[in-house]
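What follows is a single structure, written as structure tokens, with notes after it.
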Amino acid sequence: MPILTLTTDFGLKDHFAGAVKGAIYSEMADARIVDISHNVSPFHITEAAYIIQNAYKNFPPGTIHIIGIDSEQNPENKHIAVKLEGQYFICANNGIMSMITKTINPEEVVEINIHDRIKTNFTELDVFVQVACHIARGGTLGVIGKPIKEIKEITGIMPVINSDQKGIIGNVIYVDNYGNVITNITKRLFEDVGKGRKFTVQARRAMFKKIHQHYSDAINFEIEKSKREEDGKKIALFNSSGYLELAIYKSNPSTVGSASTLFGLDYRDAVSITFE
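Adding 11 to a residue's 1-based position in the sequence shown gives its number in our numbering.
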């Protein structure tokens with residue numbers, strides 16, 4: 012039995028996440044369900060795409076991902092099912108898959124067309140669950156949708172390279188639970204443009220001359236703990252997903268502060284790298 016994952020902006024207070032799980036179990040009592048996240052900011056497509064992009068690669072082939080973000084069907088928001096790297100994604104064609112597929116071509120994409128067979132006012136509960144269970148039983152995408160060649164793209168989230176190759180201008184695409192700020196600048200892009208040159212990373216008043224690989228790399232453990240600087244230490248690093256991240260060592264947005272609160276950064280704010 013394939014794994015079915017759920018990523019939504021439902022939160023944990025309301026009944027929605029539980030209702031979707033109940034509908035899945037009603038269809039398939041032996042289903043295996045994994046919650047990736049139900050705390051995506053409401054209608055935040057880019058945030059959801061970042062979470063899914065970095066989670067799905069850890070799941071086995073055949074996994075089916077239900078994505079309930081901005082998924083109400085309307086003439087400008089159709090529903091799609093996508094096969095990518097042996098896994099399946101069911102969501103609205105609202106741009107969310109364009110970030111996940113930007114470097115990998117999908118194996119198959121269909122626009123779901125079974126809505127006339129299902130009475131619904133709760134898309135994730137009705138249509139998406141039916142599609143997911145169909146796939147889990149071994150069904151093909153061609154039965155539940157018509158093939159399409161292109162998916163809607165999210166615009167304005169790609170970093171810009173200066174014409175003289177002396178700088179990159181990126182943006183914040185995600186703020187995690189620790190208040191760390193993740194940008195759309197990848198390690199690969201940084202290395203391709205920088206070519207080993209010295210640089211300055213700037214985000215509002217925060218500046219960095221070095222990028223680390225681990226959070227603790229910014230701490231000098233050769234200095235006695237009582238004498239070394241740790242609390243509030245600002246760090247730039249490439250995170251485990253390969254994106255440039257700005258952080259505060261052992262931050263807590265509720266107490267000591269975080270990169271987001273202390274640097275004054277939020278979604279879409281600019282982060283630039285200037286090369287010498």
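Idealized CB from N, CA, C, for every residue including glycine.
The segment 148 to 156 / the segment 114 to 132 touching (three or more Cβ pairs under 8 Å): With a cut-off of 8 Å, the segment 114 to 132 and the segment 148 to 156 count as touching, because enough Cβ pairs lie within range.
Whole angstroms are fine: how far does the CA of residue 226 sit from the CA of residue 119? Cα to Cα, the separation comes out at about 39 Å.
Secondary structure of residue 46, DSSP reduced to three states: strand
Could you tell me if residue 256 is buried or exposed, where buried requires 16 or more neighbouring beta carbons within 10 angstroms of its beta carbon? buried
On the three-state DSSP scale, how would you describe residue 141? DSSP places residue 141 in helix when its eight states are reduced to three.
In the DSSP output, which residue or residues are listed as bridge partners for residue 219? 212
Rounded to the nearest angstrom, what separates residue 127 and residue 46 at their Cα positions? 29 Å
Give the DSSP-derived three-state secondary structure of residue 263 in the structure shown. The answer is strand: DSSP assigns residue 263 an E or B state.
Considering Cα atoms alone, identify which of 16, 220, 159 and 267 is closest to residue 9. The chain is shown from 12 up to 287; residue 9 falls before or after that span and cannot be answered.
Let me check understanding here. Comparing Cα to Cα, which of 77, 188, 98 and 91 lies closest to residue 18? 77
How is the alpha helix (DSSP H) around residue 107 delimited, first residue to last? 107 to 111
Where does residue 153 sit, in a helix, a strand or coil, going by DSSP? helix
How about the segment 80 to 93 and the segment 32 to 49: do they share at least three Cβ pairs that are nearer than 8 Å? no
Quick one: what's got a C-beta closer than 7 Å to residue 229's C-beta in the same chain, skipping five residues either side? 223, 244, 246 and 260
Per DSSP, cross-strand counterpart(s) of residue 158: 121
Cβ-based neighbour list, residue 73, same chain, cut-off 6 Å, excluding 5 preceding and 5 following: 13
What are the residues that DSSP puts in a beta bridge with residue 248? 223 and 256
The segment 134 to 145 / the segment 27 to 36 touching (three or more Cβ pairs under 8 Å): yes
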